[in-house]
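Here is the structure we will look at.
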Amino acid sequence: MYEKDGEKYFVVDGHVHYWDASPENTTNKYGEGFIKCFYDYHKNLSPEEYVWPLEKYRKYSEEDMMHDLFEIGHVDIAIFQSTYLTDFYDKGFNTTARNATLKEKYPDKFVLNGSFEPRRGEAGLEEFERKYEKYGFKGIKLYTAEWHEDSKGWKLDDYWSVKHLEKCVELGIKNVHVHKGPTIWPLNRDSFDVADVDEAASSFPELNFIVEHVGLPRLEDFCWIGTQEPNVYGGLAVAMPFIHAKPRYFAQIMGELLYWLGEDRLLFASDYALWQPKWLVEMFVDFEYPGDAEFDDYAEITPDIKRKILGLNAAKLYDLEVPEELQLVTADQGTGFDVEEKPATER
Amino acid sequence: MIEQDAVLGALSGVRDPELDEPVTDLGFVSDLRVEGDAVSVRLRLPTYFCAPNFAYLMVADAREAVLSVPGVNRVSVVLDDHYASEELNAASAFDDAFPGETEGPDLGELRTTFRRKSFVSRQERLCRVLLAEGRSPRELARMRLGDVPPSEAFETYLDRRAELGVGVSPGAPLVVDPNGRRVPEGAVVQHLRFARTVRVSIEGNAALCRGLLETRYGGRREGGEGPEREEATA
Numbered sequence: 021m022y023e024k025d026g027e028k029y030f031v032v033d034g035h036v037h038y039w040d041a042s043p044e045n046t047t048n049k050y051g052e053g054f055i056k057c058f059y060d061y062h063k064n065l066s067p068e069e070y071v072w073p074l075e076k077y078r079k080y081s082e083e084d085m086m087h088d089l090f091e092i093g094h095v096d097i098a099i100f101q102s103t104y105l106t107d108f109y110d111k112g113f114n115t116t117a118r119n120a121t122l123k124e125k126y127p128d129k130f131v132l133n134g135s136f137e138p139r140r141g142e143a144g145l146e147e148f149e150r151k152y153e154k155y156g157f158k159g160i161k162l163y164t165a166e167w168h169e170d171s172k173g174w175k176l177d178d179y180w181s182v183k184h185l186e187k188c189v190e191l192g193i194k195n196v197h198v199h200k201g202p203t204i205w206p207l208n209r210d211s212f213d214v215a216d217v218d219e220a221a222s223s224f225p226e227l228n229f230i231v232e233h234v235g236l237p238r239l240e241d242f243c244w245i246g247t248q249e250p251n252v253y254g255g256l257a258v259a260m261p262f263i264h265a266k267p268r269y270f271a272q273i274m275g276e277l278l279y280w281l282g283e284d285r286l287l288f289a290s291d292y293a294l295w296q297p298k299w300l301v302e303m304f305v306d307f308e309y310p311g312d313a314e315f316d317d318y319a320e321i322t323p324d325i326k327r328k329i330l331g332l333n334a335a336k337l338y339d340l341e342v343p344e345e346l347q348l349v350t351a352d353q354g355t356g357f358d359v360e361e362k363p364a365t366e367r
Numbered sequence: 205m206i207e208q209d210a211v212l213g214a215l216s217g218v219r220d221p222e223l224d225e226p227v228t229d230l231g232f233v234s235d236l237r238v239e240g241d242a243v244s245v246r247l248r249l250p251t252y253f254c255a256p257n258f259a260y261l262m263v264a265d266a267r268e269a270v271l272s273v274p275g276v277n278r279v280s281v282v283l284d285d286h287y288a289s290e291e292l293n294a295a296s297a298f299d300d301a302f303p304g305e306t307e308g309p310d311l312g313e314l315r316t317t318f319r320r321k322s323f324v325s326r327q328e329r330l331c332r333v334l335l336a337e338g339r340s341p342r343e344l345a346r347m348r349l350g351d352v353p354p355s356e357a358f359e360t361y362l363d364r365r366a367e368l369g370v371g372v373s374p375g376a377p378l379v380v381d382p383n384g385r386r387v388p389e390g391a392v393v394q395h396l397r398f399a400r401t402v403r404v405s406i407e408g409n410a411a412l413c414r415g416l417l418e419t420r421y422g423g424r425r426e427g428g429e430g431p432e433r434e435e436a437t438a
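Structure below.
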């Protein structure tokens, strides 16, 4: 919970990691390159006082995480999004099993999401179901650019992806977080293309598709899909830290997202340990558009819109209980387009 | 004798296809050497995992641009610090760099996709200026290229129109889609509204990439554009 100027905010951090990229766990040059790339994002977009040494960044402790999120970070509940990367790291980067160690210890603090690997076909499907039985997750995180043997990525509308999504519906897993990254197959197409999300969201109206980092670097394509599909949401991981390093750009992104998707379909996330929730929450609550003409026609971001984005929207998707005093104060601000419910298409 | 400035001038015509800015302004050219009729160029990118297809296009375009400079007979363009450096530096075609990993020939389609995006973005940037000068969206919808006062934004818009095969004669309509079809009066406001999202996206990506490159390789010197010129001759 965060309180400022008499306004209270329930905070759900929609995307956190408990990763291990220590040298001992790093398999090859790709794993080495991956964590260094992450570190550059961290260093480039964080306020100086929040920048960690690389050594700590590669593998931080349980104490670091609990402190940064819940003791000082204003977070009420955080959602673990697993990222396997087993081709880069011996024991994986941030597996469901690793995250589960903290979920078991602090059951009220975390939501634990799972994942699936469509390229393992039938065997993958069985393993997915076993994991579901073990952990009982309500959501999954999919990283379509992940390497697996010779493959450099996959798409949501591939045959085995569809089989896995059908399994989600069957099991009652509602929330599908999709992360787009470079090097997805085929390599001669735009690797960040989010068109397969559109396809999947149409085919599975009973699932919610949360596109991580709001489709960046394809903000425009993501916004367009958001106007077509009512069950597409934007996760603000990676977009949030621009609030410090590139505040004008952050303001533009928020203005665009509120214009196209509206206040009910955006979810706050720190992407911890990429960035830390403390400064993100504090700066977001203080946020106002710059004063010049470029921003004149953007919808105002009221405290209630901030409340929705910081926690209430995610609480709704994950059925999290929100104390009465942290609920909305005013009515809907009416941002975004009215997207009509579309009938399910054949699949 | 080949002038370094001539080579840099040629390289400034090479753009990052996604960010629509010259590789020289973005700081992607880290080294440039001229020896007799041979030129060697080193390129670098903001991250180890930058999309290999865009990287390939820039390497290929840089090679072609340098070869277009009179007197240059041999050129070597090397991409450093990328996960696919080895494959990309050795390849003469993208499909050869990643056998079995591509679909259909070459990267032509990808290049066109991003030319269309930057076409939309350049059009919006120009229309924004025209609107700020007091014209209404309705007036914009009726304007022809011959009615547009000269400006840099107009020039870059015309360049991209020509590259996409969209008409550039003075009688051609100003506000058209990437296929050259005129946007009707009633649709101009919404057309420009989406175009603005495209521009915001491209400009934001460029700002992020600049920041990441700076973090990866150390700060740029004061004075804005063109510090690579100094580095390149060092």
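If you're matching them up, the sequences are chains A and B in order. So the first sequence is residues 21 to 367, counted in our numbering. So the second sequence is residues 205 to 438, counted in our numbering. Even glycine gets a Cβ: it sits at the ideal position worked out from N, Cα and C.
From which residue to which residue does the beta strand (DSSP E) around residue i run?
i              : result
residue 61(A)  : Taken as a continuous stretch (DSSP letters only), residue 61(A) belongs to no beta strand (DSSP E), being part of the alpha helix (DSSP H) at 49-65.
residue 92(A)  : Premise fails: residue 92(A) is in no beta strand (DSSP E) and is neither H nor E.
residue 280(B) : 278-283
residue 408(B) : Premise fails: residue 408(B) lies in the alpha helix (DSSP H), 392-421, not in any beta strand (DSSP E).
residue 239(B) : 233-239
residue 195(A) : 195-199
residue 111(A) : Careful: residue 111(A) lies outside any beta strand (DSSP E) and carries neither H nor E.
residue 242(B) : 242-247
Between residue i and chain B, is there a C-beta pair that is closer than 8 Å?
i              : result
residue 355(A) : no
residue 29(A)  : no
residue 211(A) : yes
residue 257(A) : no
residue 272(A) : yes
residue 188(A) : no
residue 117(A) : no
residue 61(A)  : yes
residue 75(A)  : no
residue 51(A)  : no
Please confirm if residue i has its CB atom under 8 Å from at least one CB of chain A.
i              : result
residue 303(B) : no
residue 428(B) : Confidence in residue 428(B) is poor, its pLDDT being 37 and thus under 50, which makes the residue's placement unreliable; the coordinate value appears in the next sentence. Cβ-Cβ to chain A under 8 Å: no for residue 428(B).
residue 255(B) : yes
residue 252(B) : yes
residue 292(B) : no
residue 307(B) : yes
residue 422(B) : no
residue 228(B) : no
residue 383(B) : no
residue 361(B) : no
Expressed to the nearest angstrom, what Euclidean distance is found between the alpha-carbon atoms of residue i and residue j?
i              : j              : result
residue 127(A) : residue 112(A) : 23 Å
residue 147(A) : residue 184(A) : 11 Å
residue 329(B) : residue 235(B) : 32 Å
residue 435(A) : residue 319(A) : With chain A running from 21 to 367 in the structure shown, residue 435(A) is simply not present.
residue 207(A) : residue 66(A)  : 31 Å
residue 207(B) : residue 418(B) : 28 Å
residue 331(B) : residue 344(B) : 8 Å
residue 375(B) : residue 366(B) : 15 Å
residue 350(A) : residue 328(A) : 11 Å
residue 363(B) : residue 269(B) : 17 Å
residue 21(A)  : residue 28(A)  : 7 Å
residue 46(A)  : residue 233(A) : 25 Å
What span of residues does the alpha helix (DSSP H) with residue i cover, start to end?
i              : result
residue 35(A)  : Per DSSP, residue 35(A) belongs to no alpha helix (DSSP H); it is in the beta strand (DSSP E), 32-36.
residue 189(A) : 179-191
residue 336(A) : 333-337
Mark residue i as exposed unless 16 or more other C-beta atoms lie within 10 angstroms of its C-beta, in which case mark it buried.
i              : result
residue 372(B) : exposed
residue 150(A) : exposed
residue 154(A) : exposed
residue 92(A)  : exposed
residue 321(B) : buried
residue 169(A) : exposed
residue 62(A)  : buried
residue 251(A) : buried
residue 196(A) : buried
residue 294(B) : exposed
residue 109(A) : buried
residue 403(B) : buried
residue 348(A) : exposed
residue 394(B) : exposed
Thinking C-alpha only, which one of the options is nearest residue i?
i              : options                           : result
residue 89(A)  : 292(A), 77(A) and 331(A)          : 292(A)
residue 74(A)  : 24(A), 43(A), 258(A) and 119(A)   : 43(A)
residue 398(B) : 194(A), 245(A), 228(A) and 187(A) : 245(A)
Closer than 7 Å to a non-hydrogen atom of the ligand SAH - does that hold for the CB of residue i?
i             : result
residue 46(A) : Here there are no bound small molecules, and the ligand SAH is not part of this structure.
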